[in-house]
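2 protein chains.
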Amino acid sequence: MKVLAGGGAAVSGPVLRKLQGFGRLEEADTAALALVEAGTRLVPAGTDLIREGDRPEGMIAVTEGFACRYKLRENGARQIMAYLVPGDVCDLDNGALNRMDHTVGTLSTCRVARIMPETARELRQHPALARGLRKAALIDEATLREWLMNIGRRSAVERLAHLFCELLVRLRAVGLTSGNSYELPITQLDLADTTGMTSVHVNRSLGELKREGLIERKSKRLTLCDPARLAEVAEFRPDYLHREEPFSA
Amino acid sequence: MKVLAGGGAAVSGPVLRKLQGFGRLEEADTAALALVEAGTRLVPAGTDLIREGDRPEGMIAVTEGFACRYKLRENGARQIMAYLVPGDVCDLDNGALNRMDHTVGTLSTCRVARIMPETARELRQHPALARGLRKAALIDEATLREWLMNIGRRSAVERLAHLFCELLVRLRAVGLTSGNSYELPITQLDLADTTGMTSVHVNRSLGELKREGLIERKSKRLTLCDPARLAEVAEFRPDYLHREEPFSA
DNA sequence: CGTCACTTTGAATAAAATCAAGAGTCGTGG
DNA sequence: CCACGACTCTTGATTTTATTCAAAGTGACG
Chain A
1 MKVLAGGGAA
11 VSGPVLRKLQ
21 GFGRLEEADT
31 AALALVEAGT
41 RLVPAGTDLI
51 REGDRPEGMI
61 AVTEGFACRY
71 KLRENGARQI
81 MAYLVPGDVC
91 DLDNGALNRM
101 DHTVGTLSTC
111 RVARIMPETA
121 RELRQHPALA
131 RGLRKAALID
141 EATLREWLMN
151 IGRRSAVERL
161 AHLFCELLVR
171 LRAVGLTSGN
181 SYELPITQLD
191 LADTTGMTSV
201 HVNRSLGELK
211 REGLIERKSK
221 RLTLCDPARL
231 AEVAEFRPDY
241 LHREEPFSA
Chain B
1 MKVLAGGGAA
11 VSGPVLRKLQ
21 GFGRLEEADT
31 AALALVEAGT
41 RLVPAGTDLI
51 REGDRPEGMI
61 AVTEGFACRY
71 KLRENGARQI
81 MAYLVPGDVC
91 DLDNGALNRM
101 DHTVGTLSTC
111 RVARIMPETA
121 RELRQHPALA
131 RGLRKAALID
141 EATLREWLMN
151 IGRRSAVERL
161 AHLFCELLVR
171 LRAVGLTSGN
181 SYELPITQLD
191 LADTTGMTSV
201 HVNRSLGELK
211 REGLIERKSK
221 RLTLCDPARL
231 AEVAEFRPDY
241 LHREEPFSA
């Protein structure tokens with residue numbers, strides 16, 4: 001339960017960067033966001049930020065690391081429903097719904113801003129921010145559908161390939177890629193719980209992708225050696241992410 | 001491409017009934033809804049109502065039959081992402097997003113209301129309706145997450161059991177159950193594309209549920225012979241549907 | 001009464017889970 | 001600096017689950 005004061009200059013906040021990708025922001029908008037991103041805390045891996053059954057309020061923004069939405073079965077099996085990567089905001093103003101149907105927790109060490117309900121309301125006063133947050137939420141929902149397709153109708157190798165392509169697009173949008181590689185600070189077990197497989201099977205499927213020369217992984221950095229071919233394998237069409245940049249660099 | 005004029009008295013519209021389940025409606029609200037439900041058309045099974053890539057606008061309401069959201073792979077594989085049962089409304093006012101990322105189509109013959117953008121805007125003028133629609137949308141999203149859990153982390157038999165439990169709750173909310181049975185006007189192939197399996201495997205799994213005495217199916221009517229035990233098998237917790245009625249009748 | 005779509009069944013195959021053990025990694029504390 | 005312990009990753013052998021392929025059987029409906 002490390003809790004460090006969020007010091008240092010907010011490094012051109014990823015949330016800001018992401019929302020700017022949806023449309024021009026005014027000075028006042030960026031100022032409000034900067035304020036939010038200044039108030040972050042470092043959270044260790046494996047920490048729940050809000051739990052199933054809790055009453056949701058405010059928002060949670062991730063500025064570093066990977067967090068996720070997940071549910072557990074009684075036997076301990078976990079299904080991850082979404083990744084929250086830097087720039088992603090989890091809007092807990094669910095208005096009508098007063099209970100979380102899932103848990104949000106960190107997969108890696110994360111830098112996180114917990115946004116109080118009043119602050120969240122203030123943010124939504126800014127039309128451009130409100131629009132951006134709404135668009136982000138709609139994209140999250142489209143992503144959820146894509147994940148359902150992924151698990152329901154793609155093979156193990158395809159599932160991983162698709163996930164890696166998606167992450168390249170999402171992380172590039174917040175400037176966290178270098179070429180076709182990015183930090184993927186999660187374990188194979190996490191990947192398994194994301195794609196509905198076993199960690200053993202993930203391991204073998206990763207091996208296959210490596211053998212095919214499609215990816216490389218050293219330490220926690222993932223490189224897509226041939227994004228075009230990887231996208232083809234996964235049948236990846238990035239439209240649902242609503243980013244105008246072309247897929248492969 | 002049968003298109004019949006939507007005659008006859010709107011039979012206490014399922015949309016109305018569903019939204020009433022979320023909170024009291026004023027006279028004016030119900031009147032507006034009644035108007036909508038009067039303008040329905042009969043649509044044959046297998047008809048796309050709006051396609052992936054189309055520009056979404058207005059709303060689509062289903063008052064009879066089963067429709068669904070789905071996507072296709074290049075090889076023809078289909079993944080169904082959601083069911084639209086009577087009372088369900090598909091809000092296409094996606095504001096920011098200007099392309100459908102999936103298709104909405106009928107699984108059975110359906111009675112459907114296509115709601116023009118202006119009409120949709122009028123409906124949203126009514127605060128109670130707007131709230132109801134918003135709540136419905138949030139529940140749809142929670143349902144999507146539950147489906148991801150279903151496909152990712154449950155066995156074939158469990159997936160079907162879970163789906164059948166969910167449908168009992170949803171259809172009961174609009175008065176379309178009698179006891180623990182309801183019309184399920186879809187094929188085993190549809191069930192397969194819903195649960196990420198093969199129709200052959202669905203057939204065998206259904207057989208297992210029957211043999212266990214958990215369900216019965218004559219013609220298109222499904223009966224949950226022992227809802228409590230079925231829910232236990234599926235680990236079904238109806239919280240995400242936000243209906244206060246207890247699960248088993 | 002024939003057709004077409006759907007359901008059911010069997011046999012062979014493929015994909016993924018399970019079980020188990022060993023090797024690598026990393027942070028911690030002596 | 002090294003050793004320890006806790007994860008994580010890797011690999012093999014085996015079993016289970018699900019798909020594929022194929023062929024009847026059933027039923028609704030014109």
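Each protein sequence line maps, in turn, to chains A and B. Read in full-length UniProt numbering, the first sequence has 51 at position 51, and its numbers run on one by one without any break. Read in full-length UniProt numbering, the second sequence has 157 at position 157, and its numbers run on one by one without any break. By construction, the Cβ of each residue, glycine as well, lies at the ideal position given by its N, Cα and C atoms.
Check, Outcome
"Residue-chain proximity (A:Met81, chain B), Cβ-Cβ < 8 angstroms", "yes"
"Nearest candidate by alpha-carbon position, reference B:Leu163, set B:Thr195, B:Thr109 and B:Glu37", "B:Thr195"
"Contact with chain B by A:His242, beta-carbon distance below 8 angstroms", "yes"
"Three-way DSSP call (helix, strand, coil) for B:Asp193 in this model", "helix"
"The stretch 145-154 of chain A in contact with the stretch 147-154 of chain B per 3-pair CB rule at 8 angstroms", "yes"
"Neighbour flag for B:Ile186 against chain A, beta carbons, 8 angstroms", "no"
"Beta strand (DSSP E) runs contained entirely in the stretch 14-90 of chain B, provided each spans 3 or more residues", "40-43, 48-50, 59-64, 67-72 and 78-84"
"Inter-residue spacing [alpha-carbon to alpha-carbon] between A:Glu37 and B:Ser108", "49 angstroms"
"Close-in-space but distant-in-sequence residues of the same chain around A:Leu209 (CB under 7 angstroms, 5 per side omitted)", "Val157, Leu160, Ala161 and Ile215"
"Near-chain A residues of the stretch 206-237 of chain B (beta-carbon distance less than 9 angstroms), N- to C-terminal order", "Glu235"
"Assumed close pair B:Ser181, B:Leu222 - CB separation to whole angstroms, cut-off 8 angstroms", "6 angstroms"
"Partners in chain A for B:Arg153, counting only beta-carbon separations shorter than 7 angstroms", "Arg73, Ala77, Gln79 and Gly196"
"Residue-level contact to chain B via CB, A:Lys135, 8 angstroms cutoff", "yes"
"Residues in the stretch 88-117 of chain B having any Cβ partner in chain A nearer than 8 angstroms", "Asn94, Gly95, Ala96, Leu97, Arg99, Asp101 and His102"
"Buried/exposed call for A:Val200, threshold 16 Cβ in 10 Å", "exposed"
"Range of the contiguous alpha helix (DSSP H) that encloses A:Leu222", "Per DSSP, A:Leu222 belongs to no alpha helix (DSSP H); it is in the beta strand (DSSP E), Arg221 to Leu224."
"Own chain residues within Cβ distance below 6 angstroms of A:Leu25, not counting five before or after", "Ala128"
"Range covered by the beta strand (DSSP E) that runs through B:Arg217", "Ile215 to Lys218"
"A:Leu241 versus B:Glu52: straight-line alpha-carbon distance, rounded", "14 angstroms"
"Residues of its chain near B:Gly132, where Cβ-Cβ distance is below 7 angstroms and the 5 sequence neighbours each way are ignored", "Leu19, Phe22 and Gly23"
"For A:Gly6, three-class secondary structure by DSSP", "Unreliable positioning characterises A:Gly6 in this predicted model, as indicated by a pLDDT of 39, which lies under 50. The coordinate reading is nonetheless provided below. Residue state, collapsed to three classes: coil."
"Residues from the stretch 27-56 of chain A in contact with chain B, defined by Cβ distance under 7 angstroms", "none"
"Span of the beta strand (DSSP E), counted from its first residue to its last, around B:Val104", "Thr103 to Thr106"
"Short CB-CB distance (under 8 angstroms) between A:Ala142 and chain B", "yes"
"Residue of A:Glu244, A:Phe247 and A:Arg237 minimising C-alpha distance to B:Asp101", "A:Arg237"
"Neighbour flag for A:Leu19 against chain B, beta carbons, 8 angstroms", "no"
"Bridge partners - A:Ser181, DSSP secondary structure assignment", "A:Ser178 and A:Thr223"
"Local conformation of A:Arg154 per DSSP, three classes", "coil"
"Classification of B:Gly13 by the beta-carbon crowding that lies within 10 angstroms, buried from 16 upward", "buried"
"Cβ contact check for the stretch 109-119 of chain B and the stretch 75-85 of chain A: 3 or more pairs under 8 angstroms", "no"
"Boundaries (first-last residue) of the beta strand (DSSP E) holding A:Ala113", "Cys110 to Ile115"
"Interface partners of A:Arg159 on chain B, CB under 9 angstroms", "Those within 9 angstroms of A:Arg159 in chain B number zero; the least Cβ separation is about 10 angstroms."
"6 angstroms CB neighbourhood of A:Leu72 in its chain, flanking five on each side removed", "Arg78"
"Backbone secondary structure at B:Asp93 - three-state DSSP", "coil"
"Three-state secondary structure (DSSP) of A:His242", "coil"
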